[in-house]
Structures are given as structure tokens and as C-alpha cells.
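Reading through the C-alpha cells given below for one structure.
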Amino acid sequence: MTSSSAPTAAARIGAVLFRNRGWLPAPFVIVPLVLSGGFNLTQWLFGLTIVALGEWWRLAGVARAGPGTRRREGQSSELVTWGPFAWSRNPLYNGNYLIWMGFVVISGVWWFLPVATVLFFTEYTFIVAYEETDLERAFGQPYAEYKARTPRWIPRPPAPGAADGPADYPAAWRSERSTFLQYVVLVIAFVIRQQGVTSLG
Numbered sequence: 015m016t017s018s019s020a021p022t023a024a025a026r027i028g029a030v031l032f033r034n035r036g037w038l039p040a041p042f043v044i045v046p047l048v049l050s051g052g053f054n055l056t057q058w059l060f061g062l063t064i065v066a067l068g069e070w071w072r073l074a075g076v077a078r079a080g081p082g083t084r085r086r087e088g089q090s091s092e093l094v095t096w097g098p099f100a101w102s103r104n105p106l107y108n109g110n111y112l113i114w115m116g117f118v119v120i121s122g123v124w125w126f127l128p129v130a131t132v133l134f135f136t137e138y139t140f141i142v143a144y145e146e147t148d149l150e151r152a153f154g155q156p157y158a159e160y161k162a163r164t165p166r167w168i169p170r171p172p173a174p175g176a177a178d179g180p181a182d183y184p185a186a187w188r189s190e191r192s193t194f195l196q197y198v199v200l201v202i203a204f205v206i207r208q209q210g211v212t213s214l215g
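Counting from 1 along the sequence shown, just add 14 to a position and that's the residue number in our numbering.
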């Protein structure tokens, strides 16, 4: 049986943020880019490693859930509970967090890390409230059981012997092409900015 409860205030705010979430990364990129210092190889290696880990986790999630995870409307046709979704209910957002924090590390604007963390989880707590309302309505008890056993944010290994499900990595790679292009643009922007700061120094 599916739930017919009305959306909460948090879910209503989350619906607005969800529909406009394309601009949500802006402060996580603009602030570090504008305030970035000179080039630092250690920061770049550490930051790019975090970005790569985040995208790897995100890609694994897209491969299980399908390219529809990039949708603009909260309409789910299947409850995916395997792969990264067995570790966390929001693996794509886990990946996004690591990716955005990786670029903050590249910038060397260390004070922005806790600020960005608070901002990220504030925004996405509302978005998840909206998505969970949609999932509860669509899947009812199976989603309630999944929700009870799987953490919202911090990944936790699933029960031993938990089965994986289908994963379509070719489709996931195609779906993520625009995301990869954004990384290239950001890397070039940071290189230009940091070289400029270094030469001025």
C-alpha cells in the first residue's frame, strides 16, 4: 500500500530545489575559484583523488539506477536497492559531495570546507525529503523497509551476502558525458586562475 500523506514543508522546499538543482554546485565552484591561491601540486593530487573517488561512486550509482537519475521530475519507475544503493540511500549525492569538496581542496581555500559541508547538507536534506516523499508514495512498504535498513548519508556495508543487481556502465558513461566535460572546464579554469596568482606573486 502506498502512502497518500501530504508533502511536508521540507519536501515542498526540496521540490523547488530539486527542479533547480543544476545551479546548486555554483557556490561550491565559484567561491574556491575566485579565492584560489597559487598552484600547489599536493593540493591538486589530493583534490583530484577525491574528485575521482566521488565520480567513481556516482558512476556506480548511475549504472545501477539508470540514466533516469538525471531526471528533472521526481518520478521513479523502479526501487533500486543494490550496489551503492545498498550502502547509502543517496550514493549520487555522496559522490557529488566528494567531487565538490575535491575542487575546494584543489583551491586551497580550507576555511570553505566546513562552510561548503553545511551548505551542501542543508540543501540536500530538503531535496532528499522531497524525493523520499515521492518514493514512499510510489513504493510504500518495500521502500519503508529499505529506508529502515539503509543509512541516508554515511555509507555502511550491507548485510553479508546481499545480492548485487544489474548495472549498465556503458549507459552510465554516456549519461555522465556532460559531467565529465564540466570537470575538464573546471580543471582548466583552476589552472588558469592559479597560474595567474602565481605569476602575480
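A virtual CB, placed ideally from N, CA and C, is assigned to each residue, including glycine.
Supposed close pair residue i, residue j - CB separation, criterion 8 Å
i	j	result
Gly-220	Arg-78	The requested residue 220 does not occur in the structure, where the chain is confined to residues 15 to 215.
Ile-113	Gly-68	4 Å
Phe-194	Ser-50	Phe-194 to Ser-50, Cβ: 22 Å. No contact.
Gln-208	Phe-53	4 Å
Ile-64	Val-119	6 Å
Pick from the options that is closest to residue i, judged by C-alpha positions
i	options	result
Phe-134	Tyr-111, Gly-154 and Arg-151	Tyr-111
Ala-66	Leu-38, Phe-117 and Ile-27	Phe-117
Gly-75	Trp-58, Ser-189 and Phe-42	Ser-189
Leu-127	Phe-42, Trp-71 and Val-30	Phe-42
Glu-92	Gln-196, Arg-151, Ala-162 and Ile-206	Arg-151
Tyr-183	Pro-174, Thr-139, Ile-206 and Trp-70	Trp-70
Ala-40	Ala-173, Ala-130, Val-94 and Leu-59	Ala-130
Ala-181	Val-211, Thr-95 and Val-132	Thr-95
Trp-167	Val-45, Tyr-197, Thr-63 and Leu-106	Leu-106
Leu-59	Gly-210, Val-201 and Ile-44	Val-201
Cβ-based neighbour list, residue i, same chain, cut-off 7 Å, excluding 5 preceding and 5 following
i	result
Arg-170	Trp-101
Ala-5	Lying before the first or after the last residue shown, residue 5 is absent from the chain, which here runs from 15 to 215.
Arg-35	Ile-141
Tyr-138	Tyr-107
Ser-213	none
Per-residue burial, residue i [other beta carbons within 10 Å of its own, 16 or more giving buried]
i	result
Ala-185	exposed
Asp-178	exposed
Gly-122	buried
Asn-104	buried
Arg-86	Note on Arg-86: pLDDT 49, under 50, position unreliable in the model; no value is reported.
Ser-18	Below a pLDDT of 50, predicted positions are generally treated as unreliable, and Ser-18, at 47, falls in that range; the measurement from the model is reported next regardless. It is exposed - the Cβ of Ser-18 has fewer than 16 other Cβ atoms within 10 Å.
Pro-165	exposed
Ala-158	exposed
Thr-136	exposed
Leu-47	buried
Ala-23	exposed
Ala-143	buried
Glu-145	buried
Leu-149	buried
Cβ shell of residue i (< 6 Å), same chain only, five flanking positions each side left out
i	result
Thr-147	Pro-21 and Ala-25
Gly-28	Phe-140, Ile-141, Ala-143 and Tyr-144
Arg-72	Leu-106 and Gly-109
Pro-81	Ala-185 and Ser-189
Sequence-distant residues of its chain with Cβ nearer than 8 Å to residue i (five each side left out)
i	result
Pro-156	Leu-93
* Quick one: complete alpha helix (DSSP H) runs, 4+ long, within the region 87-164? -> Within the region 87-164, the complete alpha helix (DSSP H) segments of 4 residues or longer fall at 105-121, 126-153 and 155-163, listed in chain order.
* Which runs of the beta strand (DSSP E) spanning at least 3 residues fall entirely within the region 172-204, listed in chain order? -> Within the region 172-204, no complete beta strand (DSSP E) segment of 3 residues or longer occurs.
* Asked: Along the chain, which unbroken stretches of the beta strand (DSSP E) at least 3 residues long are found entirely within the region 41-71?
  -> none
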